[in-house]
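Reading through the structure tokens given below for one structure.
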Amino acid sequence: MREHFIRFTQHRAFVPLIILTFFLCYFVPQFTQRGWWISSDSLVYTYPLRAHAWQLIRQGEAPLWTPLLLSGYPLLSMSQLALGYPLTLGYAFLPDIAAESVYILAPFLLSPWFLYLYLRRCARSRLAALLGGLSFGYGGFMAGPITHNGFFSNAVMWLPLFLLMLERARGEHWLRPWAWATVIYTLCILSGLGQGFLYVGLLALGYGGWLAGLTEKIPDESRKNRWQPLFIAVGAIVFAAGLTAWQTLETWQAQQRSLRAALTYHEFSRASLGWREIGHGFVLPLFYRNYEIVPTIAALSALLAVWAMLMAARAPRRHWRALFWCGVALLGLLLMLGDGTPLYRLLYQVPLVNKFRNPWRHAYEFTLGLSVLAAWGWDAARAWVARRNCGTAGLRAQAVGVGVTLLALAVAWLSYRVVGQAARQGQLQAVLSQTVWLSWKSLFVLALLVAVWWAWRFMAGVPQAAICLVLVCTAMFWEMFIIFSHSSDLSFHSTEFFRERDGLTRFLQQAAPSEQRVYSAVSGYFDVTPTQFAAHNLSTLTGVANAAGYEPLMPERYRRAFGMSFDFVTPSFQGQTDAQLFQPECRVLDLLNVRYFARCDLTESLAPRRKEDALFALFENNFVLKPGERLTLSGARFDVNQLSLITALGEASDIAQGTPVAEINVITEAGSILRFDLKAGVDTAEWSCARPGSSTAHQCARQFDSYPGDAAHSFDVARFWTMFSLGAAVKIREVQIVSLTR
451 MREHFIRFTQ HRAFVPLIIL TFFLCYFVPQ FTQRGWWISS DSLVYTYPLR
501 AHAWQLIRQG EAPLWTPLLL SGYPLLSMSQ LALGYPLTLG YAFLPDIAAE
551 SVYILAPFLL SPWFLYLYLR RCARSRLAAL LGGLSFGYGG FMAGPITHNG
601 FFSNAVMWLP LFLLMLERAR GEHWLRPWAW ATVIYTLCIL SGLGQGFLYV
651 GLLALGYGGW LAGLTEKIPD ESRKNRWQPL FIAVGAIVFA AGLTAWQTLE
701 TWQAQQRSLR AALTYHEFSR ASLGWREIGH GFVLPLFYRN YEIVPTIAAL
751 SALLAVWAML MAARAPRRHW RALFWCGVAL LGLLLMLGDG TPLYRLLYQV
801 PLVNKFRNPW RHAYEFTLGL SVLAAWGWDA ARAWVARRNC GTAGLRAQAV
851 GVGVTLLALA VAWLSYRVVG QAARQGQLQA VLSQTVWLSW KSLFVLALLV
901 AVWWAWRFMA GVPQAAICLV LVCTAMFWEM FIIFSHSSDL SFHSTEFFRE
951 RDGLTRFLQQ AAPSEQRVYS AVSGYFDVTP TQFAAHNLST LTGVANAAGY
1001 EPLMPERYRR AFGMSFDFVT PSFQGQTDAQ LFQPECRVLD LLNVRYFARC
1051 DLTESLAPRR KEDALFALFE NNFVLKPGER LTLSGARFDV NQLSLITALG
1101 EASDIAQGTP VAEINVITEA GSILRFDLKA GVDTAEWSCA RPGSSTAHQC
1151 ARQFDSYPGD AAHSFDVARF WTMFSLGAAV KIREVQIVSL TR
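Going by the numbering used here, the first residue of the sequence shown is number 451, and it counts up by one from there.
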């Protein structure tokens, strides 16, 4: 029996089975209780348009053009639909919602397996390779919000296989590794996300150069073979680009005509992180709020990665691969800082790279580098402990090892229950103390480390392997699963949700095709309901033409027509409809042949709000600007000579009078930039400064209004009004507000 078990664990199917089991434990409880996981960009963008494109294919038509979005749009230019990508072929024979789920979930199965294969090629042990694969595949990037639509995860999961082919190229004839590398990068490009396959290509080129120029020679290796990995990386990228030109060139043409034809440095560097945010997200990801990424990996992986860094620093010639991944992790960390380092200004000068935004997306390189290092750290730490092994693998040692492992599992289970109880009481982050959670996490990590150390030092053979496998899977599963299962930001929908149609949609479907074009507006993005199926791109599911829509490469002419700033949806997700569209002199909706205007919960007048000598927008933008963050607001198409802002400070009572707390950049349509400082006590103030006995270090500014506070603060909450003169009348393209507080 023991021999059969050993043979089974050594079978090549054993690790894929472990990854499959891990995947099922992670997702099945959520799907059985909460429904289909199709949300955010998938729900309002790719899912309806993929379903529409595949409907055309099933009808025998080429998916070249759709008249149902904006004033018509070329489908092939929507590279993120990934119509040539194998993982979207499920639309040909599966229900649409099932096919979309396959596309979204496949990376959670494939990315750990692909990284495992690469690490095994690099002579890592099976358990170390599994740890590295699960650490990356279920880390803060790959399991973070940015991959909930499948875009990034489907693109970047191919990198480990690409690197595997470069490793094989060092000792094989060039043809087979080059052919496979070309296929792999072709699939990466066909996944559709330009930012993803660009980063994959750059990392592959860097790795090929590292293998070629900075490693020891393989015995009897010719100079030609030594540089073979770099040549294969270049050749594979070039040939893959040629094979996918039918998609990328269409997208490139659309990009050149879009509002993203060129990014300003402000747009390029926005959404960066500070050191404090990175540290907070790394240590306490449960309390970290970011709509795209979580800059963290499992605590065990992080500790092992530190061990690997020390190992590489002590013997760089011996551990040159680990040294490369140290560089990748460090590069990702620095790039996440965005404008916080001079490096990002240099990066802005690099063609192609400067087409893509959001520095915090470099959490990809950060988490990948640390996960690979964790595999090196596991083997190195195990070897270090083994050299000091003076115990025996007796029954007593095994019993103690099992006991400590059960203790770690018990702590994991109890902490899960604590989080669940807090989540049922209300907002998780408001109910559960960070100190309490950090105590639970520290206890779990301590129990985990003791159990691993005991297994390494006093156990051997099958018992050691079994306990280490359980501990590794638990460590990789624990915290990210707690975040996933208790997140209030995830959207699951029942099958009935996708079948239900609201009365507006049924009404529009009865009209003639030329008479059913609608311009829809909803104020929400993630909270789309069946009664809003005329919103965004969802109208394509029912064949209704919508002059509004969501397209990342929104044509520049639409930006001008609808008065957008750096946005790719009409109307803006969180904005109300521009009242100017309904003025007699505005002919935009007439030119688009719009017959109906649809808006959910139309409860307010379209007239602007007037106070004294200023006009204010119909709706309020209730944004919270944290220290070091940047906010961009859309401008208007008409001439203005002053800018009014309604603001208040929070937790800023110690800021001195006249201290600049924010920088205001007003960018005009002519391209000029007007800069102003928002000063404490002059333009804005602490929200509670007007209360009796207030001890703020600055005075109150001009008060706009106030409203009652909550039960804990019986005094009123004040907001303050400041006006900046723009001189001559100008058209504002956008207003950028940069927090200067720390």
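By construction, the Cβ of each residue, glycine as well, lies at the ideal position given by its N, Cα and C atoms.
What you are looking at is a predicted structure, and each value in this text was computed from that prediction instead of being measured.
Exposed unless 16 or more other CB atoms sit within 10 angstroms - verdict on residue i
i: C776; result: buried
i: Q509; result: exposed
i: L643; result: buried
i: L760; result: exposed
i: P562; result: buried
i: F543; result: exposed
i: L1101; result: The displayed chain sequence assigns Glu, not Leu, to residue 1101. By the neighbour-count rule (16 or more Cβ atoms within 10 Å), E1101 is not buried but exposed.
i: V688; result: exposed
i: S937; result: exposed
i: D789; result: buried
i: T855; result: buried
i: C638; result: buried
i: V1193; result: Nothing about residue 1193 can be read from this structure; the chain reaches only from 451 to 1192.
i: V886; result: exposed
i: A1011; result: buried
i: S821; result: buried
i: S751; result: buried
i: E929; result: buried
i: G540; result: buried
Candidates the options: closest to residue i by CA position
i: Y535; options: S521, P545, L520 and V552; result: V552
i: T398; options: L1099, R500, R484 and W677; result: Absent from the structure is residue 398, since the part of the chain shown begins at 451 and ends at 1192.
i: K1181; options: L1093, D1104 and F543; result: L1093
i: K891; options: A905, A872 and L864; result: L864
i: A420; options: A847, Q1153 and S722; result: With the chain covering only 451 through 1192, there is no way to say anything about residue 420.
i: Q1186; options: T955, V1167, P809 and L1124; result: L1124
i: L520; options: F957, L1042 and L1031; result: L1042
i: V850; options: I634, F473 and M909; result: M909
i: W834; options: R907, P809, L785 and L882; result: R907
i: R1080; options: R795, R1045, R720 and R767; result: R720
i: L988; options: P1002, T955, Q960 and Q966; result: T955
i: L845; options: P1005, T1097, Y1008 and V912; result: V912
i: Q959; options: L991, M930, E929 and S935; result: L991
i: F602; options: G646, T1146, A847 and V868; result: G646
i: L614; options: L783, R771 and S489; result: R771
i: Q914; options: V633, G870 and V852; result: V852
i: A556; options: S641, A619, P524 and L580; result: S641
i: Y1008; options: A704, T1191 and P766; result: A704
i: L780; options: F473, I728, Y568 and R767; result: I728
i: L818; options: G663, F1126, V684 and V650; result: V650
i: S1156; options: L787, A683, L823 and A1140; result: A1140
i: E550; options: L559, T496 and L526; result: T496
i: L1099; options: C1036, E622 and A1168; result: A1168
i: S722; options: E950, D1104, L1095 and K1076; result: K1076
Cutoff 7 Å; reference residue i; Cβ partners in own chain excluding five residues on either side
i: G1131; result: Q1107, G1108, H1148, Q1149 and A1151
i: Q884; result: L734 and F737
i: V902; result: C918 and L921
i: F472; result: L584, C923 and F927
i: F718; result: Y798, N804 and R807
i: A836; result: W906
Close beta carbons around residue i, own chain, < 8 Å, minus the five adjacent residues each side
i: H1163; result: Its pLDDT being 41, under 50, H1163 is placed unreliably in this model, and the value from its coordinates should be taken loosely. So the list reads S1138, once near-sequence residues are dropped.
i: T924; result: A858, L859, A862 and L898
i: F481; result: W487 and F942
Spatial neighbours of residue i in its chain, beta-carbon cut-off 6 Å, leaving aside the 5 residues before and after
i: L893; result: V861
i: I554; result: G600
So, do the stretch 465-479 and the stretch 579-598 have three or more beta carbon pairs nearer to each other than 8 Å? Note that the stretch 465-479 touches the stretch 579-598; at least 3 beta-carbon pairs, one per stretch, sit closer than 8 Å.
Cβ pair count under 8 Å reaching 3, the stretch 1109-1127 against the stretch 1168-1183: The stretch 1109-1127 vs the stretch 1168-1183: in contact.
Going residue by residue through the stretch 944-971, where are the continuous beta strand (DSSP E) segments of at least 3 residues, counting only ones entirely within it? The qualifying runs are 968-971.
Ranges of the alpha helix (DSSP H) found wholly within the stretch 774-798, counting only runs of at least 4: If we require 4 residues or more, the alpha helix (DSSP H) runs fully inside the stretch 774-798 come out as 793-797.
Should the stretch 813-832 be regarded as contacting the stretch 731-750, the criterion being three or more beta carbon pairs within less than 8 Å? In the pairwise beta carbon analysis, the stretch 813-832 is classified as touching the stretch 731-750: at least three pairs are separated by under 8 Å.
Does the count of Cβ pairs from the stretch 496-504 and the stretch 566-579 closer than 8 Å reach three? Under the Cβ criterion (8 Å, minimum of three pairs), the stretch 496-504 does not count as touching the stretch 566-579.
Determine contact between the stretch 626-636 and the stretch 591-606, defined as no fewer than three beta-carbon pairs at a distance below 8 Å. No: the two stretches stay apart, fewer than three of their Cβ pairs being nearer than 8 Å.
For the stretch 603-615 and the stretch 643-663, state whether three or more C-beta atom pairs, one from each stretch, are separated by less than 8 Å. A contact exists between the stretch 603-615 and the stretch 643-663.
Is the stretch 698-711 touching the stretch 793-801 in the sense that three or more CB pairs, one from each, lie closer than 8 Å? With a cut-off of 8 Å, the stretch 698-711 and the stretch 793-801 do not count as touching, because too few Cβ pairs lie within range.
Completely contained beta strand (DSSP E) runs for the stretch 722-765, where each covers 3 or more residues: Counting only runs of 3 or more, we get nothing.
Whether or not the stretch 749-758 and the stretch 816-834 are in contact is what I'm after, with contact meaning three or more pairs of Cβ atoms, one per stretch, closer than 8 Å; do they touch? Two segments are said to touch when three or more pairs of C-beta atoms, one from each, lie closer than 8 Å; by this definition the stretch 816-834 touches the stretch 749-758.
Complete alpha helix (DSSP H) runs within the stretch 989-1017 (minimum length 4 residues, chain order): Segments of the alpha helix (DSSP H) lying fully in the stretch 989-1017: 1006-1012.
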